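The block underneath contains the structure these notes are about, expressed in structure tokens.
Residue numbers (the working numbering), protein chains in the order written: chain A, -7 to 189; chain B, -7 to 189.
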């Protein structure tokens, strides 16, 4: 039986994740990643600008997918509808990626530098969604709030998705989180509920 | 007429904000802050651990106020009610602080390091609110989502509050943002609206 030979990029990605998990992100060098993958450092730098890029190289694609789906949602879609369409599109991106996502999440949680980078990624994503909504002529503060909501739903559903005991898919969990959020925001008592205007 | 003599802490704070605004945060030294305030570096370090602390020293108080209000909200309060009480408590903290907040915001927006620090502060705040809700026996994902919602409302209202043309108070803007959020999340079309469960 022929042994499956993944391409260089995947080999580097797998070697990097394994080493980050074993030694910690800060302690792993590009030289060690290349060696583990049976490739040269030069090849590593053909695919990644640095060792952080292995973990965050997908952020651009993720953001573009979400923004495009929000912008292209039907004209009749409300802001939250457009975001729902966008989150569904994101869900597709993660199908079959749970093992990678779990490994990546454990590495990020273990490093202060990476946790900060992840926060920046999410804040950038929220701002990008808000901008996409403004292109749909959604005003503020609704555009800004809806951008934050989109990322909050993604973040909470993602954390649930990568938890050990979970077997549901990310799209389902995001839909569920959106429904929970609707229930939360409508759950105020009349005495505490803010008046409009 | 006697010239008002602010205490050392305020003098250092004012000197620091003025210099960060004039020269940029990165380019300002503690020595320059102390000199501008007419005090010694030693005095500076009695009040602040470093020059970033001048801008973030209030984060602990802000978080404690919010968390305490959430934990102490009436037992009958729903999660969003408890958060509303917490945000009201925060609003009081900022009364009379708009000029300081505007100056601070401009400095933060101008520095990548400070923007990152601000994101970490907000993420920590969201996690603290979620924990406070869990102490009220609110389960997940509701606790996590409501923590994110609280911070999203604070962030968006705060940005509005420090904008040049705004004259409304922060509490009012947070109440308004909460109402907008309720309207946003309930605004899904039936065809796109997620099913429960």
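Even glycine gets a Cβ: it sits at the ideal position worked out from N, Cα and C. Keep in mind the model is a prediction, meaning the values are calculated, not measured.
query	result
Here's the rule I'm using: 16 or more other beta-carbon atoms within 10 Å means buried, otherwise exposed. How should residue 183 of chain B be labelled?	Its pLDDT being 47, under 50, residue 183 of chain B is placed unreliably in this model, and the value from its coordinates should be taken loosely. Exposed, since its Cβ has fewer than 16 Cβ neighbours within 10 Å.
With a cut-off of 8 angstroms, do at least 3 Cβ pairs link the stretch 30 to 41 of chain A to the stretch 108 to 122 of chain A?	no
Check whether the Cβ atoms of residue 106 of chain B and residue 17 of chain B sit closer than 7 angstroms, and answer yes or no.	yes
Taking beta-carbon pairs under 7 angstroms, can you tell me which members of the stretch 92 to 108 of chain A lie near chain B?	108
Give a yes or no on whether 7 angstroms exceeds the smallest Cβ distance from residue 110 of chain B to chain A.	no
Looking at C-alpha atoms only, which residue of B/174, B/160, B/159, B/53 is the closest neighbour of residue 142 of chain B?	B/174
Taking CB distances under 7 angstroms as the criterion, tell me whether residue 186 of chain B reaches chain A.	Residue confidence for residue 186 of chain B is low, a pLDDT of 46 falling below 50, so the modelled location carries little weight and cannot support an answer.
Give a yes or no on whether the minimum CB-CB distance between residue 192 of chain A and chain B is below 7 angstroms.	Since the first residue of chain A shown is -7 and the last is 189, residue 192 of chain A is not available in this structure.
Between A/10, A/116, A/129, which has its C-alpha nearest residue 92 of chain A's C-alpha?	A/10
Taking residue 63 of chain A as the reference, give the member of A/127, A/132, A/178 with the closest Cα.	A/127
Please classify residue 76 of chain A: is it buried, with 16 or more other beta-carbons within 10 angstroms of its beta-carbon, or exposed?	buried
In chain order, what residues of the same chain have a beta carbon less than 8 angstroms from the beta carbon of residue 187 of chain A, not counting five sequence neighbours either side?	Annotation note: pLDDT 43 at residue 187 of chain A (below 50); position unreliable, coordinate value reported separately. Here the set comprises nothing.
Taking its Cβ as the centre, do 16 or more other Cβ atoms sit within 10 Å of residue 159 of chain B, making it buried, or is it exposed?	exposed
According to DSSP, is residue 58 of chain A helix, strand or coil?	helix
Exposed or buried, residue 136 of chain A, counting other C-beta atoms within 10 Å across all chains shown (16 or more means buried)?	buried
What number of angstroms, rounded off, separates the C-alpha of residue 73 of chain A from the C-alpha of residue 172 of chain B?	15 angstroms
If you scan the stretch 42 to 120 of chain B from start to end, which runs of the alpha helix (DSSP H) of 4 or more residues do you find wholly inside it?	45 to 48, 51 to 64, 71 to 85, 90 to 101
Taking residue 138 of chain B as the query, report the chain A residues whose CB atoms sit under 7 angstroms from its CB, ordered along the chain.	176
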